[in-house]
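Below is one structure; the comments refer to it alone.
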Amino acid sequence: MKYCPLCATDLKIIDVDGTQRLSCPSNDCDYVYWDNPTPVVAGIVELDDSVILVRNVGWPEKMFGLIAGFLEKGETPEEGILREVREELGLEGQIQDFVGYYPFYELNQLLLVFHVRAAGEIVLGKELEAHKLIQANALKPWPFGTGLALKDWLEARKE
Ligand SMILES: [Zn+2]
């Protein structure tokens, strides 16, 4: 962000209550760019006895992750993840559990991760390029983002 969205003045780094923040320097405007984390819903989606991993359009060939997306205005996180499962996989899902929340500091996001059981035929949405089905005991969680939720989920399953 470069310009104030309220008055179009060039934003500057200004001390706000002891923290340096990108803010509007105009005396007539008190805009502060807080840069708060964005909530993102993600799903460990099980179909039969496998978990669905997906590759978004534009991701490197070998990179797969969980289904994830931004909330729509007015939507609960549960509604959001079930909508993503419907839109991106063409499946009807049912929430099994809330796995937990995971700060993803690199992307300034707060991930809300659910375990979802799904049924139907997979039809990939236009944001996805590929998918794979992996049995839970063969999953290898990646050490960042949604991978941390997957790791916790796998460990809880073993108990
Ligand atoms: Zn301003």
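Take any residue in the sequence shown, note its place counting from 1, add 532, and you have its number in our numbering.
Positions of the beta carbon are idealized from the N, C-alpha and C atoms, including for glycine.
As summarised for the segment 588 to 661, the continuous alpha helix (DSSP H) elements at least 4 residues long and confined to that stretch are 609 to 621, given in chain order. In the three-state DSSP reduction, residue 578 falls in the strand class (E or B). The beta carbon of residue 628 sits closer than 7 Å to those of 647, 648 and 649, all from its chain and outside the five residues before and after it, given in chain order. With the rule of 3 Cβ pairs closer than 8 Å, the segment 577 to 584 does not count as touching the segment 540 to 557. Note that the C-beta distance between residue 585 and residue 602 is not below 8 Å. Secondary structure of residue 541 (DSSP, three-state): coil. A Cβ closer than 7 Å to some heavy atom of ligand 1 marks a residue here, and those residues are 536, 538, 539, 541, 556, 558, 561 and 563. When beta bridges are read from the DSSP output, residue 683 appears opposite no residue. In this structure, the CA atom of residue 681 is about 15 Å from the CA atom of residue 690. Taking 8 Å as the cut-off, the beta carbon of residue 583 is found no closer than this to the beta carbon of residue 612. CA-CA distance, residue 535 to residue 569, rounds to 20 Å. For the 8 Å CB-CB criterion, residue 622 and residue 655 form a contact.
Here DSSP, grouped into helix, strand and coil, assigns residue 690 to helix. According to the DSSP assignment, residue 555 belongs to the beta strand (DSSP E) that extends over 551 to 555.
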